[in-house]
Amino acid sequence: MSSQPGYVTLPILTVLAAIGYLYYTTVFVVIGEWLGIATAAGLANAAAFTALAAASLVTYAMAVFTDPGRVPASFVPDVEDPDSPIHEIKRKGGDLRYCQKCSHYKPPRAHHCRVCKRCVLRMDHHCIWINNCVGHENYKIFLVFVFYAVIACIYSMVLLLGSASQNLQKDQQPSGDSSRTSIIVCGVLLCPLTLALTILLGWHIYLILQNKTTIEYHEGVRAMWLAEKVGNVYRHPYNLGVYENLVSVLGPNIFCWVCPISKNIGSGLRFRTSYDIPLSTPPL
Ligand SMILES: [Zn+2]
Ligand SMILES: [Zn+2]
């Protein structure tokens, strides 16, 4: 089926076309007409923007083609192990998490994706723009892509505004109707794109600070409501504190938080919970 991950779909072609169009217009029309591509300033900006566009394109391709994480056939939940995901099992009402559709046990935080037709480790959401699930193995890559894309969009916007203000000051129009049209289309595309990507990045930073996935955010809202009804307080079990949460998603090396490398983030089969950390006061 063409909607299965790994296939090039219409949304993927749309993203590639948008990257191509914005890159061409920013470098060859905006920089070209404003600073001149052959000047030192023009060349420096073109080189910097090319590097950002390349980083966006590479991380985008990685997000599309990286498997979000499968449940190994050998996976058996170990309820006797003190490190086991017993807390989540308890939270789910004492039952082991079993996927009826895949006929196997699910590790904590894994969910069945109806589009991918399988269970995905630490599933966040299924993204049509990458025709792939965002899960344990590609969550960081997905975030790094959004991060580079936001920076590239803001950079392109700054160049566009710079060139527009210079045109206004000098009271001159960009040479030729086609250039003017390209610049206007570029601006019309950039505004909603920058806004949407910035909101997406902000939302995921908010989630990472609490070590939640998008699915867990929605589950948590419900769990909090249910807990409040019986006078309890719901605590997200994977919230280890801001720094530990950042490390568990972005890796232990702070200088590599924006690198598209997702090493040292564990197997995705078990996760530390706040119950594993010795606390001065017992958890609620
Ligand atoms: Zn499943
Ligand atoms: Zn999926």
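Start counting the sequence shown at 1; every next residue gets the next number (full-length UniProt numbering).
Virtual Cβ for every residue (Gly too), placed ideally from N, Cα, C.
{"Check": "Is L284 helix, strand or coil by DSSP?", "Outcome": "With a pLDDT of 47 at L284, under the threshold of 50, the predicted position of this residue should be treated as unreliable, though the coordinate-derived value follows. In this structure, L284 counts as coil in the three-state DSSP scheme."}
{"Check": "Between the C-alpha atoms of A38 and G176, what's the straight-line distance to the nearest angstrom?", "Outcome": "20 angstroms"}
{"Check": "Beta-carbon within less than 6 angstroms of L35's beta-carbon, same chain only, minus the 5 sequence neighbours each way: which residues are those?", "Outcome": "A41, G42"}
{"Check": "So, does the segment 120-138 touch the segment 52-70, judging by three or more C-beta pairs under 8 angstroms?", "Outcome": "yes"}
{"Check": "Put V30 into one of helix, strand or coil per three-state DSSP.", "Outcome": "helix"}
{"Check": "What residues does ligand 2 have around it, judged by CB closer than 5 angstroms to any heavy atom, in chain order?", "Outcome": "C113, V115, C116, H126, C133"}
{"Check": "Rounded to the nearest angstrom, what separates L22 and A44 at their Cα positions?", "Outcome": "18 angstroms"}
{"Check": "Does H218 pass the burial test, meaning 16 or more other C-beta atoms within 10 Å, or should it be called exposed?", "Outcome": "exposed"}
{"Check": "What three-state label does DSSP hand Y139 in the structure shown?", "Outcome": "helix"}
{"Check": "Skipping 5 residues on each side, what residues in its chain have a beta carbon closer than 8 angstroms to that of V242?", "Outcome": "L209"}
{"Check": "Check this for me: beta carbons of V76 and P260, under 7 angstroms apart or not?", "Outcome": "no"}
{"Check": "By DSSP, does H126 sit in helix, in strand, or in coil?", "Outcome": "strand"}
{"Check": "Considering V233, what are the terminal residues of the beta strand (DSSP E) in which it resides?", "Outcome": "Per DSSP, V233 belongs to no beta strand (DSSP E) and is neither H nor E."}
{"Check": "Here's the rule: buried if 16 or more other CB atoms are within 10 angstroms of the residue's CB, otherwise exposed. What is K229?", "Outcome": "exposed"}
{"Check": "So, using beta-carbon positions, are V146 and L197 closer together than 7 angstroms?", "Outcome": "yes"}
{"Check": "For A110 and E137, what's the separation of their Cα atoms in angstroms?", "Outcome": "12 angstroms"}
{"Check": "Please state whether DSSP places Y105 in a helix, a strand or coil.", "Outcome": "strand"}
{"Check": "Nearer than 6 angstroms: is that true of the beta carbon of C153 relative to any heavy atom of ligand 1?", "Outcome": "no"}
{"Check": "Taking 6 angstroms as the cut-off, is the CB of K101 close to at least one heavy atom of ligand 1?", "Outcome": "yes"}
{"Check": "Of all the options N211, I12, M62, which has the alpha carbon lying nearest to the alpha carbon of E244?", "Outcome": "N211"}
{"Check": "Let me know if S103 comes out buried or exposed under the rule of 16 or more other beta-carbons within 10 Å of its beta-carbon.", "Outcome": "exposed"}
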